[in-house]
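Asks: Can you keep this structure in mind? I'll have questions shortly.
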Amino acid sequence: MDNAIIRVENLWWKYNTGREWVLKGVDFSVAKGEIVGIVGPSGVGKTTLCLCLTGLIPREVRGIIKGRVLINGMDTSTTPLPEIIKKVGIVFQDPETQFVTMKVLDEVAFPLENFGFPRDEILKRAEEALRVTRMIEYSDKYPFELSGGQKQRIAIASMLARRPEILILDEPTSDLDPLGKQEIFSVLSELRRRYNVTLIIVEHDTEKLARFADRILLLYDGRIIEQGPPREFFKNVPFLIEKGVYPPQVTEVFHRLDSLNQEFLPTTLEEAFKILDNLSVRDSSLPSFPRKRKQSGDPIIVMEEVEYVYPNGTKALKGVNLKIREGEFVAIIGQNGSGKTTLIKHIVGLLKPTNGIVKVFGIDTRHINISRLAWKIGYVYQCPDHQLFCTSVYEECAYALRNAGMSEEEIRERVSRVLEIVGLSGLEDVPPYFLSKGQRQRLAVAAVLAMEPEVIVVDEPTTGQDFVQSKGIMNLLKKLNESGRTIIVVTHNMRLVAEYAERVIVLKEGRVIADGDVREVMGDFELLRSTFLNPPQVTVLARKLVPVTVLTVEEMCRILMGDICVGEK
Amino acid sequence: MSRTFFIHVEEKSPLLRLHPLLKITSLLAINLLAWIIDSPVVLLCAIVAVFLSFKIFKVPLARIGKFIVFAVLIVQAVMVSYILGSTIPGNMVYYRFPWGTYISDMTLVYAFTMAAKFLLMLWGSTLLLAVMRDIDIVYGLVSMRLPYYLAFTVNLAFRLSTVFMEDYAKVRDAMILRGTNFSEKSLVQRARNYVRLGTPLMVLAIRRMFEMTNALIIKGFEPGRSRTYLYDFSLTIKDKVISFLLVAAVVLAFLLKTFYGLLTFPGWPFNG
Chain A
1 MDNAIIRVEN LWWKYNTGRE WVLKGVDFSV AKGEIVGIVG PSGVGKTTLC LCLTGLIPRE
61 VRGIIKGRVL INGMDTSTTP LPEIIKKVGI VFQDPETQFV TMKVLDEVAF PLENFGFPRD
121 EILKRAEEAL RVTRMIEYSD KYPFELSGGQ KQRIAIASML ARRPEILILD EPTSDLDPLG
181 KQEIFSVLSE LRRRYNVTLI IVEHDTEKLA RFADRILLLY DGRIIEQGPP REFFKNVPFL
241 IEKGVYPPQV TEVFHRLDSL NQEFLPTTLE EAFKILDNLS VRDSSLPSFP RKRKQSGDPI
301 IVMEEVEYVY PNGTKALKGV NLKIREGEFV AIIGQNGSGK TTLIKHIVGL LKPTNGIVKV
361 FGIDTRHINI SRLAWKIGYV YQCPDHQLFC TSVYEECAYA LRNAGMSEEE IRERVSRVLE
421 IVGLSGLEDV PPYFLSKGQR QRLAVAAVLA MEPEVIVVDE PTTGQDFVQS KGIMNLLKKL
481 NESGRTIIVV THNMRLVAEY AERVIVLKEG RVIADGDVRE VMGDFELLRS TFLNPPQVTV
541 LARKLVPVTV LTVEEMCRIL MGDICVGEK
Chain B
1001 MSRTFFIHVE EKSPLLRLHP LLKITSLLAI NLLAWIIDSP VVLLCAIVAV FLSFKIFKVP
1061 LARIGKFIVF AVLIVQAVMV SYILGSTIPG NMVYYRFPWG TYISDMTLVY AFTMAAKFLL
1121 MLWGSTLLLA VMRDIDIVYG LVSMRLPYYL AFTVNLAFRL STVFMEDYAK VRDAMILRGT
1181 NFSEKSLVQR ARNYVRLGTP LMVLAIRRMF EMTNALIIKG FEPGRSRTYL YDFSLTIKDK
1241 VISFLLVAAV VLAFLLKTFY GLLTFPGWPF NG
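Structure, rendered in structure tokens:
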């Protein structure tokens, strides 16, 4: 590639603290103005590769490097870091660790101040970046008190304002609501169009990459094992799935439908619509897909006119009324900052309502001891690191049981059972902080599970996880639900909500704006869009053909392989 | 409401809007005055003035209620150490200890004075730290001609302490949800719980430190590099007058005490 702005040549990297090479001969080039997506399962070296592209590896991080990285012709091993930084910006995975100031506007302005931009220009750029990331009205807020998605927007805005020649984004949208994701990708495309910025995006959301990236690289076990433009990249579906990468839903659907003999597999909804336009409807009888919501048991969580005001005056809940019944699988969805986490903190008793009543198992949470309530309602945090505090995986799961005075024999039996369920058997003696993020998340679930609570509340279980891990956690929750437990999940992953949840509660600005069977809610596109959510690709695709709400790839295939559509027009 | 390092304060609080340099000089002045002044009556008046300032300047005292425990502990420690370990002559001796020290009427007054000094420092600093934001530390220290990177590093120390407190609250909640009783009667068990709480906090702090360092480098933070500033905190005449008065008050207090014997402890120097 002659016009390459980034050249990675046979790059090997090993951390001083690690035994294995993380990168094992990575080779690729990126042209100026190109948008390159990097996919791969968790733990294959994507973040390490990003650090190499910024020069932080090897200049700031200790380890052994072989090969070289050239940024605009500058070798990152020999060029002073500030020279490289002028060209490269990066948004890290965890937005919180990037915040160095106490006000949103200051955070976005900080790099511009450091690079010596004039004050007027700083304000102009900062406000523009905040506007495109939908954070302008939060300019005066304290970044740490915002929701996960809002924090991510600020981290992105702070780099957008800089407009570096190369912008690297390490899972930049994992905490964002679906429309928020789309907006960020649109902004990135616009940045490329206006300023010819080169973009490297590490992302698990292949649907977004398929739409926005010029080229996608698959990093697996420290090597690039596949690359190409999206249509080329996604054509080998079984290979990708085997490597832990799930292609866009529309690609999966048409891959399964060999009978349609398409020249290429669509990777975006628009491409899939074009193919559908060429299909004829043979039969007008519609398949019937059942409601997913079970006949429910007794109400165990009741919220009446619940309001909550944070100390900074933010009214996070505004008159929430809901009942959750025994044995339900409930997904709570809503745009960033809509009050989802505040709502579940009320359910587990960590927050008490400013007004209204929250009753759990018939008891008002204002008069309940939360450590006792935890035996009935388990809460898995969004960030597992806040809830792992023991020296080994075994001790982590045994902790609550010991506090309850159980016998060692019973503890051993329970711990081994839950570790088996979450797939961490054999790692009993490993310190939790040596586990991967996916494993830590599962350990956090196991530690709660060991208490055998009747209700399990999980906050954003799929953030920063690859699709295989996300499905693993959701399968685990499904299994627990089938064994009679009530599951409440907060997530932005609409594909997983559609596949697993039975009931969906939609929050908007602290109010419940919809509550019903997952099929009803997912079928109401207007409602979802009003709160910055998007239905899954297959749901939108199916609606083009038939007036039913499809939730999964399997259901979509049933429609296409059944009597509704056959052959070409 | 505006978020400061430790609490939320009403936007309209005059103290919040004070020039950063003034906030820092006030903080230093209060502590220096408390250190210089030995007169119990003056100290008591100063403490009352500080408490009134909380009300006048709309700094929510209720939100810093937990500091009262520290204040009580300090008063206790100071009083006990003077009562058990001093030989301050007075008009009347109430009790003599076998190890040679005694409690006189002046012992009590002196112990009270020392406790008042600490309380003035504590509450004065609390009042000003309650309205301190990162930009106050940075712009304040830069106005005092300190290099930017040094000012920013001092600010970072404050920032990290508040982030640490937020992490502490989250981990503590997680532990409570797993059956930990932090109000355990056994001190050993209570200590064990806090040690356990320290593990994730340490891991998080180390991780944050590394990641924040990387973030700072990426954001162009570099010692010695010239930069622009988003805010323009130029000193007004009023700010200059207040600064002058603060410095003058400290100097005056020092002169009055050293050369005129004012603001000293009654009966000082002891010749017992």
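Listed in order, the protein sequences are those of chains A and B. Oh and the first sequence: position 438 is 438 in our numbering, straight run, nothing missing. Oh and the second sequence: position 105 is 1105 in our numbering, straight run, nothing missing. Glycine included, C-beta positions come from ideal geometry on N, C-alpha and C.
#1: Quick check on Glu-96/A: buried or exposed, where buried means 16 or more other Cβ atoms within 10 Å of its Cβ?
#2: At 4 residues or longer, and completely inside the segment 80 to 110 of chain A: list those alpha helix (DSSP H) runs for me, N to C.
#3: Check for me: the alpha helix (DSSP H) holding Tyr-1148/B runs from which residue to which?
#4: Closer than 8 angstroms is the cut-off here; do at least three beta carbon pairs connect the segment 61 to 79 of chain A with the segment 8 to 16 of chain A?
#5: Can you list, in chain order, the residues of its chain whose CB lies under 8 angstroms from that of Met-1092/B, leaving out five sequence neighbours each side?
#6: Would you mind sorting Gln-1076/B into buried or exposed? The rule is 16 or more other CB atoms within 10 Å of its CB.
#7: Excluding five sequence neighbours on each side, which residues of the same chain lie with their C-beta closer than 8 angstroms to the C-beta of Glu-410/A?
#8: According to DSSP, is Val-348/A helix, strand or coil?
#9: Consult DSSP for Ala-1029/B and reduce its assignment to one of helix, strand or coil.
#10: By the 8 angstroms beta-carbon criterion, what residues does the segment 1201 to 1231 of chain B contribute toward chain A?
#11: Are Phe-115/A and Lys-151/A closer than 9 angstroms when you measure CB to CB?
#12: Give the interface partners of His-492/A over in chain B, defined as CB-CB distance under 9 angstroms, in chain order.
#13: Please compile the residues from chain B whose C-beta is within a distance smaller than 7 angstroms of the C-beta of Phe-389/A.
#14: For Val-521/A, decide whether its Cβ has a neighbour in chain B, counting only Cβ atoms nearer than 9 angstroms.
#15: Identify every run of the beta strand (DSSP E) within the segment 353 to 392 of chain A, keeping only runs that are complete inside it and at least 3 residues long; order them along the chain.
#16: Is Leu-1129/B closer than 9 angstroms to Phe-1005/B when the C-beta atoms are compared?
#17: Counting Cβ pairs closer than 8 angstroms, one from the segment 220 to 231 of chain A and one from the segment 13 to 27 of chain A, do we hit at least three?
#18: Per the DSSP calculation, Gly-43/A is bridged to which residue(s)?
#19: On the three-state DSSP scale, how would you describe Leu-169/A?
#20: In three-state terms, what does DSSP make of Asp-1038/B?
#21: From the DSSP output, in three-state form, read off Thr-1141/B for me.
#22: Inspect the beta-carbon positions of Ala-331/A and Val-489/A and report whether they are closer than 9 angstroms.
#23: Please report the distance separating the alpha-carbon of Ile-1206/B from that of Ala-398/A.
#24: Relative to the alpha-carbon of Gly-570/A, which residue among Thr-101/A, Ile-35/A, Pro-143/A and Val-88/A has its alpha-carbon at the smallest distance?
#25: How about Met-570/A and Leu-496/A: do their beta carbons lie closer than 9 angstroms?
#26: In chain order, what residues of the segment 305 to 319 of chain A put their CB closer than 7 angstroms to some CB of chain C?
#27: Under a CB-based cut-off of 9 angstroms, is Gly-1179/B close to chain A?
#28: Quick one: using the 10 Å Cβ neighbour count with 16 as the cut-off for buried, is Gly-1272/B buried or exposed?
#29: How would you call Ile-487/A, buried or exposed, if buried means at least 16 neighbouring beta carbons within 10 angstroms?
#30: Suppose you measure from the CA of Ile-85/A to the CA of Pro-58/A; what does that come to, to the nearest Å?
#31: Have a look at Gly-319/A, Arg-153/A and Gly-149/A and flag the residue whose alpha-carbon is nearest the alpha-carbon of Glu-128/A.
#32: Please return the same chain residues whose Cβ sits closer than 6 angstroms to the Cβ of Thr-354/A, not counting the five positions on each side in sequence.
#33: Could you give the C-beta distance for Glu-304/A and Asn-278/A, rounded to a whole number, given that I count them as a contact under 8 angstroms?
#34: For Val-1163/B and Pro-266/A, what's the separation of their Cα atoms in angstroms?
#35: Is there contact between the segment 27 to 47 of chain A and the segment 191 to 206 of chain A, where contact requires at least three CB pairs shorter than 8 angstroms?
#36: Looking at chain B, is there any beta carbon in it that lies within less than 9 angstroms of the beta carbon of Ser-463/A?
Replies: Taking the definition as stated:
#1: The residue labelled residue 96/A in the question sits at position 96 within the first sequence. By the neighbour-count rule (16 or more Cβ atoms within 10 Å), Glu-96/A is buried.
#2: 81 to 87
#3: By one-based count along the second sequence, residue 1148/B stands at place 148. Tyr-1148/B -> alpha helix (DSSP H) spans 1148 to 1176.
#4: yes
#5: Translated into positions along the second sequence, residue 1092/B becomes position 92. Hits under 8 angstroms: Ser-1104 and Asp-1105.
#6: Translated into positions along the second sequence, residue 1076/B becomes position 76. Result: exposed.
#7: For the purposes of this step, residue 410/A is identified with residue 410 of the first sequence, where counting begins at 1. Once the five neighbours on either side are set aside, the close Cβ partners of Glu-410/A are Leu-401.
#8: What you label residue 348/A is simply residue 348 of the first sequence in a count that begins at 1. The answer is coil: DSSP assigns Val-348/A none of H, G, I, E or B.
#9: Position 29 of the second sequence holds residue 1029/B. Correct three-state label for Ala-1029/B: helix.
#10: Val-1203, Leu-1204, Arg-1207, Arg-1208, Glu-1211, Met-1212, Thr-1213, Asn-1214, Ala-1215, Leu-1216, Ile-1217, Ile-1218, Lys-1219, Gly-1220, Phe-1221, Glu-1222, Arg-1225, Ser-1226, Arg-1227, Thr-1228, Tyr-1229 and Leu-1230
#11: In the first sequence, counting from the first residue as 1, residue 115/A sits at position 115. In the first sequence, counting from the first residue as 1, residue 151/A sits at position 151. Not a contact, by the Cβ cut-off of 9 angstroms.
#12: Position 492 of the first sequence, counted from the first residue, corresponds to residue 492/A. By Cβ distance, chain B contributes nothing, its closest Cβ being about 21 angstroms from His-492/A, past 9 angstroms.
#13: Stepping through the first sequence from its first residue, residue 389/A is reached at position 389. In chain order: Val-1171, Met-1175, Arg-1196, Leu-1197, Thr-1199 and Pro-1200.
#14: As a first step, residue 521/A is located in the first sequence; it is residue number 521 there, counting from the start. For Val-521/A, the answer is no, since every Cβ of chain B falls outside 9 angstroms of its Cβ.
#15: 355 to 360 and 377 to 380
#16: In the second sequence, counting from the first residue as 1, residue 1005/B sits at position 5. In the second sequence, counting from the first residue as 1, residue 1129/B sits at position 129. Yes, the Cβ-Cβ distance between Phe-1005/B and Leu-1129/B is below 9 angstroms.
#17: yes
#18: For this step, residue 43/A is matched to residue 43 along the first sequence. Bridge partners of Gly-43/A: none, in fact.
#19: Position 169 of the first sequence, counting from 1, holds the residue named residue 169/A. It is a strand residue.
#20: As a position in the second sequence, residue 1038/B is number 38, starting the count at 1. It is coil, neither helix nor strand.
#21: As a working note, residue 1141/B is residue 141 in the second sequence. As written in the sequence, residue 1141/B is Leu, which differs from the Thr given in the question. DSSP places Leu-1141/B in helix when its eight states are reduced to three.
#22: Within the first sequence, numbered from 1, the residue matching residue 331/A stands at position 331. Within the first sequence, numbered from 1, the residue matching residue 489/A stands at position 489. Yes. Within cutoff.
#23: Along the second sequence, read from residue 1 onward, the residue named residue 1206/B stands at position 206. Along the first sequence, read from residue 1 onward, the residue named residue 398/A stands at position 398. So the two alpha carbons sit approximately 26 angstroms from each other.
#24: Lying before the first or after the last residue shown, residue 570/A is absent from chain A, which here runs from 1 to 569.
#25: In this structure chain A extends from 1 to 569, so residue 570/A is not present and cannot be described.
#26: This model lacks chain C altogether; the protein chains it does include are A and B.
#27: As a first step, residue 1179/B must be located in the second sequence, where it is residue number 179. Yes, Gly-1179/B lies at the interface with chain A (some Cβ there is under 9 angstroms from its Cβ).
#28: Numbered from 1 along the second sequence, position 272 holds the residue referred to as residue 1272/B. Note that Gly-1272/B scores 46 on pLDDT, short of 50, meaning its location in the model is unreliable and no value can be drawn from it.
#29: Taking the first sequence and counting its residues from 1, the one referred to as residue 487/A is at position 487. Ile-487/A comes out buried.
#30: For the purposes of this step, residue 85/A is taken as residue 85 along the first sequence, with counting starting at 1. For the purposes of this step, residue 58/A is taken as residue 58 along the first sequence, with counting starting at 1. Those two C-alpha atoms are separated by around 14 angstroms.
#31: Here residue 128/A is taken as the residue at index 128 of the first sequence, counted from 1. Here the closest residue by C-alpha is Arg-153/A.
#32: For this step, residue 354/A is matched to residue 354 along the first sequence. Glu-307, Tyr-308 and Val-309, listed in sequence order.
#33: For the purposes of this step, residue 304/A is taken as the residue at position 304 of the first sequence. For the purposes of this step, residue 278/A is taken as the residue at position 278 of the first sequence. Incorrect: roughly 54 angstroms between the Cβ atoms, too far for contact.
#34: For the purposes of this step, residue 1163/B is taken as residue 163 along the second sequence, with counting starting at 1. For the purposes of this step, residue 266/A is taken as residue 266 along the first sequence, with counting starting at 1. Between Val-1163/B and Pro-266/A, the C-alpha separation is close to 46 angstroms.
#35: yes
#36: By one-based count along the first sequence, residue 463/A stands at place 463. Per the sequence shown, the amino acid found at residue 463/A is Thr instead of Ser. Thr-463/A does not count as touching chain B.
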